[in-house]
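Remarks on the structure that follows.
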Amino acid sequence: GAVVSQHPSWVICKSGTSVKIECRSLDFQATTMFWYRQFPKQSLMLMATSNEGSKATYEQGVEKDKFLINHASLTLSTLTVTSAHPEDSSFYICSVGGTVPYEQYFGPGTRLTVT
Amino acid sequence: QQQVKQSPQSLIVQKGGISIINCAYENTAFDYFPWYQQFPGKGPALLIAIRPDVSEKKEGRFTISFNKSAKQFSLHIMDSQPGDSATYFCAASLTNYGQNFVFGPGTRLSVLP
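If you're matching them up, the sequences are chains A and B in order. Numbered per our numbering, the first sequence spans residues 4 to 118. Numbered per our numbering, the second sequence spans residues 7 to 119.
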């Protein structure tokens, strides 16, 4: 399977600031990238899907102006949480997919804590 | 319709025992059912997956049983080991969405030594 990395693995930021999370596909041409949010002891909730070079498609209830996603290349996607608030504290996980249906590889996740 | 239900919420099994986790779905259009294993602070990793045209799939100690008429599928972990202690998620996907998965709420498995 593909090797997916996320950076940083853990970040603490103050309320009102913005934080950027990177997702890199190290050995796989990721035509599609997904961003999930996972609250403690809960399941993964899809936030958005992005195709390389296109605007992301956000799931219902996810604010696109708050969670900015950029999928600039086949190996890199970024999620920027703008004007973060304590309720945005969560575990953010990216995954990558290629041209094979159902093929999806997950990154290790980024824990965001907003104080 | 898009939900995937999963039970139990948590499970404690003795080493060497069988762990069984069940999932149920409503949408008959789902046609791919993977199971993911997640350790604390890590991303999910694909464990095993099944398509609805197969009633059972086995990979090592892990087996998926699929009942299409009941819209249920389950994960069996044989000879459970302490290293299997993790959270397990079932999921489902639609052909036309390809990689968009709907995840179950998860089952926290603890295997006692």
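C-beta atoms are modelled at their ideal positions from N, C-alpha and C, and glycine is treated no differently.
What do you reckon, are the CB atoms on residue i and residue j nearer than 8 Å?
i	j	result
residue 33 of chain A	residue 78 of chain A	yes
residue 37 of chain A	residue 49 of chain A	yes
residue 89 of chain B	residue 11 of chain B	no
residue 27 of chain A	residue 14 of chain A	no
residue 20 of chain B	residue 108 of chain B	no
residue 69 of chain B	residue 63 of chain B	yes
residue 71 of chain B	residue 82 of chain B	yes
residue 23 of chain A	residue 81 of chain A	yes
residue 37 of chain B	residue 67 of chain B	no
residue 21 of chain A	residue 84 of chain A	yes
residue 115 of chain B	residue 25 of chain B	yes
residue 87 of chain A	residue 65 of chain A	no
residue 49 of chain B	residue 109 of chain A	yes
residue 86 of chain B	residue 23 of chain B	yes
So what's residue i in DSSP terms, helix, strand or just coil?
i	result
residue 46 of chain B	coil
residue 68 of chain A	coil
residue 101 of chain A	coil
residue 85 of chain B	coil
Can you list the residues of chain A that residue i reaches, using a CB-CB cut of under 9 Å?
i	result
residue 68 of chain B	Simply none; closest approach about 16 Å.
residue 9 of chain B	Correct list: empty, because the minimum Cβ distance to chain A is about 11 Å.
What residues from chain B crowd round residue i, counting only those whose CB sits closer than 7 Å?
i	result
residue 76 of chain A	Here the premise fails: no neighbours, minimum Cβ distance about 18 Å.
residue 52 of chain A	106
What residues of chain B sit near residue i, judged by a beta carbon separation below 8 Å?
i	result
residue 64 of chain A	Residues of chain B passing the Cβ test: none, with the nearest at roughly 13 Å.
residue 79 of chain A	Simply none; closest approach about 17 Å.
residue 96 of chain A	49 and 50
Residues of chain A with CB under 8 Å from residue i, in chain order?
i	result
residue 111 of chain B	45 and 46
Starting from residue i, find everything on chain B with Cβ-Cβ shorter than 9 Å and list it in chain order.
i	result
residue 111 of chain A	47, 48 and 49
residue 49 of chain A	106, 107, 108 and 109
Query - chain A contacts from the segment 73 to 100 of chain B (Cβ-Cβ distance under 9 Å) - result: For the segment 73 to 100 of chain B, the set of residues with a beta-carbon nearer than 9 Å to any beta-carbon of chain A comprises 93, 95, 97 and 99, in chain order.
Report task. Only counting runs of 3 or more residues, tell me where the beta strand (DSSP E) segments fall wholly within the segment 37 to 98 of chain A, in order along the chain. Result -> Listed in chain order, the complete beta strand (DSSP E) runs (minimum 3 residues) inside the segment 37 to 98 of chain A are 47 to 54, 70 to 76 and 79 to 84.
**Report entry** Residues from the segment 22 to 38 of chain B in contact with chain A, defined by Cβ distance under 8 Å
**Finding:** Result list: 38.
Query raised in the report: Which of the residues in the segment 50 to 65 of chain B, read from start to end, lie with their CB under 8 Å from any CB of chain A?
Result: Those would be 50, 51, 52 and 55, in chain order.
Report task. May I have a chain-ordered list of the alpha helix (DSSP H) segments no shorter than 4 residues that lie completely inside the segment 4 to 30 of chain A? Result -> Within the segment 4 to 30 of chain A, not a single complete alpha helix (DSSP H) segment reaches 4 residues in length.
Report task. Note down, in chain order, all residues in the segment 28 to 47 of chain A with a beta-carbon under 8 Å from any beta-carbon belonging to chain B. Result -> The segment 28 to 47 of chain A vs chain B, Cβ under 8 Å: 35, 37, 44, 45, 46 and 47.
Requested in this report: Could you tell me which uninterrupted beta strand (DSSP E) segments, each at least 3 residues in length, are contained entirely in the segment 47 to 72 of chain B, listed from first to last along the chain?
Outcome: Entirely contained in the segment 47 to 72 of chain B, the beta strand (DSSP E) runs reaching 3 residues are, in chain order, 51 to 56 and 62 to 65.
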